[in-house]
Amino acid sequence: VALRALAAGQTVYVPHTVLPEHQTALEFAGAHVTLFDPLGDLPVSNGGLLVLPALDPSTGQRFSVETLQRLALWAAESDLTVVADEIDLLLLRGEAGGQPFAAQPGMAERTLTLGGFAETPGLAAWKVAWFAGPPALVAQARTLKQAMTICTPAASQYAALGALEEDVI
Amino acid sequence: MTVQSNSALPGEIVSLDELRAVAQDGTQLRYALMELADQIPDAIALGRGDPDLDAPPHVIAAAQAAVRDGRADQLAPILGLPDLREAIAEKLQRENGISGSADGVLVTNGGQEGLYLVMQALLDPGDEILVPDPRYSSYDQAIAQAGGRMVLVPTEPAENFELRADALEAAITPATKAILLISPNNPTAGVISPANLRAIAELAVARDLIVISDEIYEKHVYPPSQHLSIASLPGMAERTITLNGVSKAYAMTGWRVGYLTAHPEFIRVLAGIKAATAGPVAAVSQYAALAALTGPQDVLEEYFAIYSRRRQVMLDALDALGLTYGAPQGGYFIYTNVSSTGLGAFELCYLLLKEGHVLIFPGTAFGEKWIDWLRISYLQPEETLREALARMKTVLDRHRTA
Chain X
1 VALRALAAGQ
11 TVYVPHTVLP
21 EHQTALEFAG
31 AHVTLFDPLG
41 DLPVSNGGLL
51 VLPALDPSTG
61 QRFSVETLQR
71 LALWAAESDL
81 TVVADEIDLL
91 LLRGEAGGQP
101 FAAQPGMAER
111 TLTLGGFAET
121 PGLAAWKVAW
131 FAGPPALVAQ
141 ARTLKQAMTI
151 CTPAASQYAA
161 LGALEEDVI
Chain G
1001 MTVQSNSALP
1011 GEIVSLDELR
1021 AVAQDGTQLR
1031 YALMELADQI
1041 PDAIALGRGD
1051 PDLDAPPHVI
1061 AAAQAAVRDG
1071 RADQLAPILG
1081 LPDLREAIAE
1091 KLQRENGISG
1101 SADGVLVTNG
1111 GQEGLYLVMQ
1121 ALLDPGDEIL
1131 VPDPRYSSYD
1141 QAIAQAGGRM
1151 VLVPTEPAEN
1161 FELRADALEA
1171 AITPATKAIL
1181 LISPNNPTAG
1191 VISPANLRAI
1201 AELAVARDLI
1211 VISDEIYEKH
1221 VYPPSQHLSI
1231 ASLPGMAERT
1241 ITLNGVSKAY
1251 AMTGWRVGYL
1261 TAHPEFIRVL
1271 AGIKAATAGP
1281 VAAVSQYAAL
1291 AALTGPQDVL
1301 EEYFAIYSRR
1311 RQVMLDALDA
1321 LGLTYGAPQG
1331 GYFIYTNVSS
1341 TGLGAFELCY
1351 LLLKEGHVLI
1361 FPGTAFGEKW
1371 IDWLRISYLQ
1381 PEETLREALA
1391 RMKTVLDRHR
1401 TA
């Protein structure tokens, strides 16, 4: 939902390769995808969308703290909106680099963070995910969410709330 | 979007102009009003079409059982649980006369996802779709995102907002691809008669048009009106997509289970889009829906009797207030004309919420020209409805200019 809403007609910067779970949404959005190496020269840009997965597709590991800092500086200088897909990030809590990208300086106001419960034991089938960020970005994505499904089942949301409150993750 | 301005204290309502500013379209207007109502503790909601009644006990029990034995934790297939698809296909055959197998059924995240997927799959940029006016504006974005163009087809209060075949025919152009039917209708409560529906079917065949038939309110039709599924008519099954769900019939809105039936090849296309967007419907919700469709059905009569009594309470009160309406034939809305008050619908809804703490949607949420109309739902207990009506009278007496 978030990608479809925010990527519409935009230049979208993706490190290394587009993840299969992002591919269709970007196609639907009519996005112009530019791949880049986060360790190499970063593209010159003046606006657009950075789609940042929780794990570096080239290594399967979390991006290093230095890389995340570098990307944050670039996003700010290039006036990029960021979609940080951190569905898997909760599994990395406590590990180096396990901080949300939105926690990088200056990123909270331009980052929509995606999370969910697909990796929470027993909760995948309850189909609950979330996005969080500055109100303007949330509103943009929420409008599309309303058009697509209106809302997530109430029973599923209470189950997810229970998981959070009991910290079963 | 947020409607809470800097000047508004918690619980304090924004100004009429602030509300206008955030309400850029019908859907946003409805959500803005609902957000405002959420700030008012004693607000009575006669806005959204969410049944206040409880889901049937056997539905709750089935969901609990699925949770206890772990079935609710198993990710459901993208098309839906096989047993549920089978039950839907049997229901459609038994109750609606729509032939087909489970291959032609897709389970969706509420009826909304069904209509969204259908529009994405069906419409190419520039395609026109005929939509009854006033319209259920939740369709707008789905049509727009597909690049489709909505062509509004008038329905008239004097005809209780029944969509007529000749009005549809007058709106057809070479770019017309599909007709959207919503019967019983949201927001007008109009019902298409069997005779008129047959004429629409003949038109669709003659002009080679696809029909999308939203039948989510099929269980709430007030005699002598009756419900007929257009896909059951000769030559229509292959050109009709029928949308439905358990939300309205079984008071299960929060479980988010809709379904649609169409040609199996089209179902596979929809499933491809669904897999890349919302994914499968929550398993626990599907087990609840399965129980609803296969369990005791006498609850439907109980619900209908309750809605029928409420409808009469509302109509009597609206008569007493001097307001007119298209006589509601189905669903649980009353599309009401307030021009006799001298107040515009938008302003009146604002006053009703601010001063009367009653949430009602203005007709402008369902079409720009409906400036003198309200959509009033009656999904509250009778006692609460009477309280809401008393508050409405107080506000109207205070502000009525005509």
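Protein sequence lines, in the order shown, are assigned to chains X and G. With the first letter of the first sequence counted as 1, position 15 gets the number 15 in our numbering; the numbers rise by one all the way through. With the first letter of the second sequence counted as 1, position 234 gets the number 1234 in our numbering; the numbers rise by one all the way through. We put the CB at the ideal spot given by N, CA and C, even for glycine. Predicted, not measured: the structure shown is a model, and the values here were computed from it.
Beta-carbon gap between G:Pro-1296 and G:Ile-1078 smaller than 9 Å:
no
From G:Val-1211 to G:Arg-1398, what distance separates their C-alpha atoms?
47 Å
Indicate the three-state DSSP secondary structure (helix, strand or coil) for X:His-32 in the structure shown.
strand
Environment of G:Ser-1015 [buried if 16+ CB atoms lie within 10 Å]:
By the 16-neighbour rule on beta-carbons within 10 angstroms, G:Ser-1015 is exposed.
Along the stretch 109-134 of chain X, what residues have a CB closer than 7 Å to any CB found in chain G?
Gly-122, Ala-124, Ala-125, Trp-126, Lys-127
Cβ neighbour criterion (16 or more within 10 Å) applied to G:His-1220
buried
Taking only beta carbons into account, state which residues of the stretch 1101-1118 of chain G come closer than 7 Å to chain X, listed in chain order.
Asn-1109, Gly-1110, Gln-1112, Glu-1113, Tyr-1116
Any 3 or more C-beta pairs closer than 8 Å across the stretch 1312-1322 of chain G and the stretch 1197-1206 of chain G
no
Consult DSSP for G:Lys-1393 and reduce its assignment to one of helix, strand or coil.
G:Lys-1393 falls in the helix class under three-state DSSP.
Simplified DSSP state of G:Val-1118, which is helix, strand or coil
Three-state result, G:Val-1118: helix.
Excluding the 5 residues flanking G:Tyr-1217 on each side, which residues of the same chain have their C-beta closer than 6 Å to its C-beta?
Pro-1184, Lys-1248, Gly-1330, Gly-1331
List the residues of chain X whose Cβ lies closer than 7 Å to the Cβ of G:Arg-1135, in chain order.
Residues of chain X passing the Cβ test: none, with the nearest at roughly 14 Å.
Below 9 Å on C-beta distance, what does X:Thr-24 contact in chain G?
Chain-ordered, the chain G residues with CB closer than 9 Å to the CB of X:Thr-24 read Gly-1272, Ile-1273, Ala-1275, Ala-1276, Thr-1277.
Let me make sure I understand the geometry here. Which of G:Leu-1115, G:Ile-1376, G:Ala-1121, G:Pro-1234 has the alpha-carbon closest to that of G:Leu-1181?
G:Leu-1115
Is G:Ala-1282 helix, strand or coil when you go by DSSP?
coil
Please state whether DSSP places G:Arg-1207 in a helix, a strand or coil.
coil
Candidates G:Tyr-1250, G:Asp-1073, G:Gln-1112, of which the one nearest G:Lys-1274 by Cα
G:Gln-1112
Taking Cβ positions only, does G:Pro-1280 come closer than 9 Å to chain X?
The C-beta of G:Pro-1280 comes closer than 9 Å to at least one C-beta of chain X.
X:Thr-81 and X:Arg-110: beta carbons closer than 9 Å?
yes
By the criterion of Cβ-Cβ separation under 7 Å, what are the contact partners of X:Ile-150 in chain G?
Those within 7 Å of X:Ile-150 in chain G are Gly-1110, Gln-1112.
Do you know how far the Cα of G:Trp-1373 is from the Cα of G:Val-1269?
39 Å
What does X:Pro-153 touch in chain G if you count any residue whose Cβ is under 7 Å from its own?
Gly-1254, Trp-1255, Arg-1256, Ala-1282, Ser-1285
Please confirm if G:Ser-1377 has its CB atom under 9 Å from at least one CB of chain X.
So, not an interface residue.
Alpha helix (DSSP H) containing X:Met-148: first to last residue?
135-148
Interface residues of chain X facing G:Asp-1214 [CB-CB closer than 9 Å]:
Within chain X, no residue comes near G:Asp-1214; the closest Cβ sits about 14 Å away, beyond 9 Å.
With a threshold of 7 Å on Cβ separation, who are the neighbours of G:Ala-1327 within its own chain once the five nearest residues in sequence on each side are excluded?
Asn-1160
Between G:Leu-1075 and G:Ala-1283, how many whole angstroms is the CB-CB distance? I'm expecting something under 8 Å.
7 Å
Kindly list, in the order they appear in chain X, the residues whose Cβ is closer than 7 Å to that of G:Gln-1039.
By Cβ distance, chain X contributes nothing, its closest Cβ being about 17 Å from G:Gln-1039, past 7 Å.
In this structure, how does DSSP classify G:Thr-1188 when only helix, strand and coil are distinguished?
coil
Exposed unless 16 or more other CB atoms sit within 10 angstroms - verdict on G:Asp-1214
buried
Euclidean distance between Cα positions of X:Leu-137 and G:Tyr-1303:
41 Å
Would you check if the stretch 1114-1134 of chain G and the stretch 1091-1102 of chain G touch, i.e. whether three or more CB-CB distances between them fall below 8 Å?
no
Of all Cβ atoms in chain G, is any one closer than 9 Å to the Cβ of X:Ala-96?
Caution applies to X:Ala-96, whose pLDDT of 49 falls short of 50 and renders its modelled position unreliable; the model cannot decide the point.
Please confirm if X:Thr-17 has its CB atom under 9 Å from at least one CB of chain G.
no
Please check the pair G:Val-1246 and G:Leu-1318, which I expect to be a contact at CB under 8 Å, by giving their CB distance rounded to whole angstroms.
Not confirmed; about 30 Å, so no contact.
Quick check on G:Leu-1075 - is its C-beta less than 9 Å from some C-beta in chain X?
By this cut-off, G:Leu-1075 is an interface position.
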